[in-house]
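Asks: My questions all concern the structure below.
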Amino acid sequence: MHENNDRPAASTRTLEIVVAGMLFLLGALVIVDSVRLGARWADDGPQAGYFPFYIGVLICVSTAVVIYRAVGDKAKAAKTFVTRGAFRQVLWMLVPSIIYVALIKPVGLYVASTLFIAFFMRRLGNYPWLPTALVAVGVSAAFFLLFEVWFTLPLPKGPLEAWLRLD
Amino acid sequence: MQGFGVALTPFNLMLMFVGVVLGVIIGVLPGLGGANGVAILLPLTFTMPPTSAIIMLSCIYWGALFGGAITSILFNIPGEPWSVATTFDGYPLAQKGRAGAALTAAFTSSFIGALVAVIVITFLSPIVANFALAFGPPEFFAVYLLTFCAFVGMSKGQALKTIASMMVGFALAAVGLDTVTGSLRLTFGSTALLQGFDFLIAVIGLFGIGEILLTLEEGLAFKGARAKINLKVVMETWRELPRYWLTSLRSSAVGCFMGIVPGGATPASFMAYGVAKRFSKDGDKFGTGMVEGVVGPETAAHAAGTSALLPMLTLGVPGSPTAAVLLGGLLIWGLQPGPLLFQEQKEFVWGLIASMYLGNIAGLIVVLTCVPLFAAILRIPFSIIAPVIIVICAIGAYTVHNSMFDVYLMVLFGVAGYVLRKLDYPLAPLVLALVLGDRAESAFRQAMLVSQGDMSIFFSKPLVGGMTTLALLLLFWPLIQTALRKAKAA
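Set out below in structure tokens:
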């Protein structure tokens, strides 16, 4: 492990304020849209924005208090939200997952899953190529049998399945 | 009684065992839990008859409740949030070489907790359903209000975050077509958002992907105790257990209460642990490996998890995220949960209730006989399990509507779940608000229409007034509690 792995990547207070701030903006967005739709009482009853308007207000109020409290909280400022090492681990999971999900549409779910599992086994598990390939292809094949053959639930397929005439 | 006839067909019995085994696997694996496990498997049951489907799904739920204990005791890793309290005494027991006793105690207490809850459901639900037949929109809104206020009141010190998380759930529920006026809300011109957010996607993302990220960050090290369960250990433990009957009874009561009032299994297990510790003769030895410290939380967690189905069936208000997913299933099969279900779908309701008895017996048998097998799952390296679970989550999210947009949303919910969980925002209220948002809103609007916008309708009759008052009391409970404490101190 590298030395600065234990250094904090962000304090809990910073994250607390950022997240509450984002939720506050979300609440504000809800209020704005509700007012656009009409958050009042019309002749025929409550307008479409009537209920969401108060929801937005409650989001803003509660998160504003969370922010207010976090700003004065020294203990939280000192507390680590996530260390660099741990954050790197999380990114090593998250970024490939995003790429995986993005790949499903162009290459199909089964091919993307095979690549995804293989990547993890190589990268996190340091497996040799042969077991990696066997497990990755095996798992995808099992999913194929389970969903396409047994449950007849079609999942997204790409050029490989088209070439193999499996779709 | 005829319910047992419905549940006892060979096909349903088979589904029961399949469900329990799947459930235990789901409970053991990090990233897959009761709520998202059931959500992922829901699309697979669309083609089954509803009764069989719900039997299988509820058995997955029982299995997950059992499974959480295995990882807590053997690996000190709670497989489910509600088994955190089980680690306090379960893991020390395992370290002392009494893993078998701890597991037997955990499974047996889970079973007893569930049994008490099912008995409560059997006798209480027809009464509640009958009672609820007279409900109008104001009463229903009061029930929703009670549900949500209970969440705020029961949350420990994080009332603001509970409110924020719940309201975000409501806001997400509002996205899309407004069914009353037909206007588009919060879609900002995007066609993908027209349908609104499906809570199944949120559940899979928040609990599935979020959990995996969290597990990864904690630096997963499965160093577990070996478990030997044989008949001798089981018999010995069973001889010991009757000593803790009072703890079991108290924990069952705590669990049933917290399940019906949607506190949920997690706070119930902590509360029961605290209660058991307080009343036990050897309270100060808790944490060093007391069987009683396993009995308390496990009984309560299972009792709460089971009794959460009571308000779901009788009122259409789920008491836990998993109950919410089951409720979503009922709607998809064209069954409207609520008081009428007990009149129009007798066979379904009693079949389900009968399956709760049988499913828990099946669960007890499965877990007692197969512990080494399930523990072996945890020895599969994380670098294989983690991507496979993400693939399963992606498939689950896709099959809900056959839409790739949902899969992207799932990842987004996953990141949100990770961050929110780390900052102690509770996720259960968000999910429940997302499920109930539309119905709570329409009950509110109908009530407002009846009264012409006068809020006093929620106090107009004794029943609705009582519920609203109780809801407000619960909502301000944290404040009242502090005030009382201050008054006492002064």
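Order-wise, the sequence lines are chains F and A. For the first sequence, the residue numbers in this note's numbering are 1 to 167. For the second sequence, the residue numbers in this note's numbering are 1 to 490. Just so you know, even glycine gets a beta-carbon here, dropped at the ideal spot from N, CA and C.
Within 10 Å of its beta-carbon, does Y68 of chain F have 16 or more other beta-carbons around it, so buried, or fewer, so exposed?
Replies: In the first sequence, the residue the question calls residue 68 of chain F occupies position 68. The residue is exposed, with fewer than 16 neighbouring Cβ atoms inside 10 Å.
Asks: So which residues on chain A does T80 of chain F lean against when the C-beta distance must stay under 9 Å?
Replies: Position 80 of the first sequence, counted from the start, is the residue given in the question as residue 80 of chain F. Going along chain A, no residue has its Cβ under 9 Å from T80 of chain F, so there is no contact; the nearest lies around 11 Å.
Asks: Give a yes or no on whether the C-beta atoms belonging to P131 of chain F and F116 of chain F are separated by under 8 Å.
Replies: The sequence position of residue 131 of chain F within the first sequence is 131, counting from 1. The sequence position of residue 116 of chain F within the first sequence is 116, counting from 1. No Cβ-Cβ contact shorter than 8 Å links P131 of chain F with F116 of chain F.
Asks: Is the Cβ of V18 of chain A closer than 8 Å to any Cβ of chain F?
Replies: To locate residue 18 of chain A, count along the second sequence from 1; it is residue 18. With 8 Å as the cut-off, V18 of chain A does not count as an interface residue toward chain F.
Asks: Please confirm whether A265 of chain A and S355 of chain A have their CB atoms less than 8 Å apart.
Replies: On the second sequence, position 265 is the one that residue 265 of chain A refers to. On the second sequence, position 355 is the one that residue 355 of chain A refers to. Cβ atoms of A265 of chain A and S355 of chain A: not closer than 8 Å.
Asks: Quick one: measure Cβ to Cβ for S109 of chain A and T314 of chain A, integer angstroms, because I've assumed they're closer than 8 Å.
Replies: Here residue 109 of chain A refers to the residue found at position 109 when the second sequence is read from its first residue. Here residue 314 of chain A refers to the residue found at position 314 when the second sequence is read from its first residue. So it is not a contact: roughly 26 Å between Cβ atoms.
Asks: Starting from the C-beta of V28 of chain A, find all residues in its chain whose C-beta is less than 7 Å away, skip the five residues before and the five after it, and write them out in chain order.
Replies: Taking the first residue of the second sequence as 1, we reach residue 28 of chain A at position 28. Setting aside the 5 residues that flank it on each side, V28 of chain A is surrounded in the same chain by G67, I70, T71, G79, F374, I377 and L378, each with a C-beta closer than 7 Å to its C-beta; the list follows chain order.
Asks: By DSSP's criteria, K157 of chain F is part of a beta bridge. Which residues make up the other side?
Replies: Translated into the one-based positions of the first sequence, residue 157 of chain F becomes position 157. DSSP lists F:G108 as partners of K157 of chain F.
Asks: Between M448 of chain A and chain F, is there a C-beta pair that is closer than 8 Å?
Replies: Locating residue 448 of chain A in the second sequence gives position 448, counting from the first residue. For M448 of chain A, a Cβ of chain F is located within less than 8 Å of the residue's own Cβ.
Asks: With a Cβ-Cβ cutoff of 8 Å, do V435 of chain A and P311 of chain A count as a contact?
Replies: By 1-based counting over the second sequence, the position of residue 435 of chain A is 435. By 1-based counting over the second sequence, the position of residue 311 of chain A is 311. No, these two residues do not count as a Cβ contact at 8 Å.
Asks: Looking at G85 of chain F and D6 of chain F, is the spacing between their C-beta atoms short of 8 Å?
Replies: Here residue 6 of chain F corresponds to residue number 6 of the first sequence, with the count starting at 1. Here residue 85 of chain F corresponds to residue number 85 of the first sequence, with the count starting at 1. Taking 8 Å as the Cβ cut-off, D6 of chain F and G85 of chain F qualify as a contacting pair.
Asks: Note down the Cα distance separating L449 of chain A from F279 of chain A, rounded to an integer number of angstroms.
Replies: What you label residue 449 of chain A is simply residue 449 of the second sequence in a count that begins at 1. What you label residue 279 of chain A is simply residue 279 of the second sequence in a count that begins at 1. In a straight line, the C-alpha of L449 of chain A is about 51 Å away from that of F279 of chain A.
Asks: Going by DSSP in three states, P8 of chain F sits in which element: helix, strand or coil?
Replies: Residue mapping note: residue 8 of chain F aligns to position 8 of the first sequence, counting from 1. Strand, per DSSP.
Asks: Can you tell me which of the three DSSP states T80 of chain F falls into?
Replies: Taking the first sequence and counting its residues from 1, one reaches residue 80 of chain F at position 80. DSSP places T80 of chain F in strand when its eight states are reduced to three.
Asks: Which residue wins for smallest C-alpha separation from A129 of chain A, given the options A:A490, A:T247, A:I365 and A:F342?
Replies: Counted from its first residue, the second sequence places residue 129 of chain A at position 129. That would be A:F342, whose Cα lies nearest to the Cα of A129 of chain A.
Asks: Jot down the residue ranges of each uninterrupted alpha helix (DSSP H) in the region 340 to 370 of chain A, minimum 4 residues, whole runs only, in chain order.
Replies: The region 340 to 370 of chain A contains these whole alpha helix (DSSP H) runs: 341 to 344.
Asks: Along the region 11 to 38 of chain F, where does the CB come closer than 8 Å to a CB of chain A? Name the residues.
Replies: If the cut-off is 8 Å between Cβ atoms, the region 11 to 38 of chain F has T12, L15, E16, V19, A20, L23, L26, G27, L29, V30, D33, S34 and L37 near chain A.
Asks: Should S456 of chain A go down as buried or exposed, given a rule of 16 or more other Cβ atoms within 10 Å for buried?
Replies: Here residue 456 of chain A refers to the residue found at position 456 when the second sequence is read from its first residue. Exposed, since its Cβ has fewer than 16 Cβ neighbours within 10 Å.
Asks: Comparing C-alpha positions only, which one of F:V101, F:A70 and F:A112 sits nearest to T12 of chain F?
Replies: The residue given as residue 12 of chain F occupies position 12 in the first sequence. Cα-wise, what sits closest to T12 of chain F is F:A70.
Asks: With a floor of 4 residues, list each alpha helix (DSSP H) that falls wholly inside the region 111 to 177 of chain A, ordered by position along the chain.
Replies: 137 to 154 and 159 to 174
Asks: For V135 of chain F, return the contacting residues in chain A, with the cut-off set at a CB-CB distance below 8 Å.
Replies: Taking the first sequence and counting its residues from 1, the one referred to as residue 135 of chain F is at position 135. Within 8 Å Cβ-Cβ: I384.
Asks: Determine, using beta carbons only, whether P50 of chain A and W333 of chain A come nearer to each other than 8 Å.
Replies: As a first step, residue 50 of chain A is located in the second sequence; it is residue number 50 there, counting from the start. As a first step, residue 333 of chain A is located in the second sequence; it is residue number 333 there, counting from the start. Cβ distance < 8 Å, so P50 of chain A and W333 of chain A count as in contact.
Asks: With DSSP collapsed to three states, give me the class of W41 of chain F.
Replies: Here residue 41 of chain F refers to the residue found at position 41 when the first sequence is read from its first residue. DSSP, read as helix, strand or coil, puts W41 of chain F in strand.
Asks: With a threshold of 8 Å between beta-carbons, can L216 of chain A be considered close to chain F, or not?
Replies: The residue given as residue 216 of chain A occupies position 216 in the second sequence. It does: the Cβ of L216 of chain A has a partner Cβ on chain F nearer than 8 Å.
Asks: Let me check one thing: in DSSP terms, what residues is R98 of chain A bridge-paired to?
Replies: Numbered from its first residue, the second sequence carries residue 98 of chain A at position 98. R98 of chain A is not bridged to any residue.
Asks: Answer with buried or exposed for I480 of chain A, where buried requires no fewer than 16 other C-beta atoms within 10 angstroms of its C-beta.
Replies: Numbered from its first residue, the second sequence carries residue 480 of chain A at position 480. Exposed, since its Cβ has fewer than 16 Cβ neighbours within 10 Å.
Asks: Going by alpha carbons, who is nearest to A42 of chain F out of A:G453, A:K486 and A:A471?
Replies: In the first sequence, residue 42 of chain F corresponds to position 42, counting from 1. Comparing Cα positions, the closest option is A:G453.
Asks: Quick one: using the 10 Å Cβ neighbour count with 16 as the cut-off for buried, is A303 of chain A buried or exposed?
Replies: Here residue 303 of chain A refers to the residue found at position 303 when the second sequence is read from its first residue. Its Cβ being crowded by 16 or more others within 10 Å, A303 of chain A is buried.
Asks: Give the straight-line distance between the Cα atoms of V84 of chain A and R123 of chain F, rounded to the nearest whole angstrom.
Replies: Your numbering for residue 84 of chain A matches position 84 in the second sequence. Your numbering for residue 123 of chain F matches position 123 in the first sequence. Going by the C-alpha atoms only, they are around 31 Å apart.
Asks: Do R439 of chain A and G210 of chain A have their beta-carbon atoms positioned less than 8 Å apart in this structure?
Replies: Sequence index remark: in the second sequence, residue 210 of chain A carries index 210 (1-based). Sequence index remark: in the second sequence, residue 439 of chain A carries index 439 (1-based). No.
Asks: Output yes if chain A places a C-beta closer than 8 Å to the C-beta of I117 of chain F; else output no.
Replies: Taking the first residue of the first sequence as position 1, residue 117 of chain F is located at position 117. By this cut-off, I117 of chain F is an interface position.
Asks: Measuring CA to CA, which of F:A141, F:P46, F:L23 and F:I98 is closest to K161 of chain A?
Replies: Start at 1 with the first residue of the second sequence, and residue 161 of chain A comes out as number 161. For K161 of chain A, the nearest C-alpha among the options comes from F:L23.
Asks: Quick check on L184 of chain A: does DSSP put it in helix, strand or coil?
Replies: Counting from one through the second sequence, the residue named residue 184 of chain A turns up at place 184. Looking at L184 of chain A - three-state DSSP - the assignment turns out to be strand.
Asks: Residues of chain F with CB closer than 7 Å to the CB of V411 of chain A, please, in chain order.
Replies: Your numbering for residue 411 of chain A matches position 411 in the second sequence. Within 7 Å Cβ-Cβ: S97, I98 and V101.
Asks: Closer than 7 Å, Cβ to Cβ, to anything on chain F: give me those residues from the region 445 to 473 of chain A, in chain order.
Replies: R445, M448, L449 and G453
Asks: Measuring straight from C-alpha to C-alpha, what distance separates P10 of chain A and G138 of chain F?
Replies: Indexing the second sequence from 1 puts residue 10 of chain A at position 10. Indexing the first sequence from 1 puts residue 138 of chain F at position 138. C-alpha of P10 of chain A to C-alpha of G138 of chain F: approximately 32 Å in a straight line.
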